[in-house]
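In the UniProt record's numbering, the protein residues as written are 1 to 131.
Think of the CB as a built atom: it goes at the ideal place given N, C-alpha and C, for glycine as much as any other residue.
Report on the structure given below.
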Amino acid sequence: MRHRRHQRNLRNIEFSTSVSPSVAIVMSGLDGQTIESYPKTKLGDSGRLPKPNDNTCPICLSEYQPKETLRTIPECNHYFHADCIDEWLKMNGSCPLCRNSPSGSTPSGSTPITPSISSSGSSSSSSLLSP
1 MRHRRHQRNL
11 RNIEFSTSVS
21 PSVAIVMSGL
31 DGQTIESYPK
41 TKLGDSGRLP
51 KPNDNTCPIC
61 LSEYQPKETL
71 RTIPECNHYF
81 HADCIDEWLK
91 MNGSCPLCRN
101 SPSGSTPSGS
111 TPITPSISSS
121 GSSSSSSLLS
131 P
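Quick look at the structure:
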């Protein structure tokens, strides 16, 4: 009898599959003007950079080829295919290798990196730039 009562009680229990609201940090990337301000380098015939072990784009994992255009992030001096890093920086405001953000070289008039923290439809912004 006790077993039947327990089974009946289990049938009456409603299981909730809803997930409690979570906090998500949404990073915004850099604006086009800031990205274009980063230096470009056109590789020579060797397709090699001055650093001996720096001949592969860390984003697409392809080796640099002669005459390709690379872009450098000034704060950390990491090189990438210009097209690869341009797309990356539009979505992420930091170097894909060291995660440093361009804190010192944001030109005036450009949009700084700001995360947007949202929970249950509300959002707020706070700057990642430190003095």
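If you look at residue 40, you'll find it in the beta strand (DSSP E) that goes 40-42.
Residue 85 and residue 66 have their C-alpha atoms spaced approximately 18 angstroms apart. In the DSSP assignment, residue 69 is bridged to 42.
Under the DSSP assignment, residue 56 falls outside any alpha helix (DSSP H); it carries neither an H nor an E label. Taking C-alpha positions only, residue 90 is separated from residue 34 by approximately 10 angstroms. Scanning 32, 57, 43 and 64 for the CA closest to the CA of residue 96 turns up 57.
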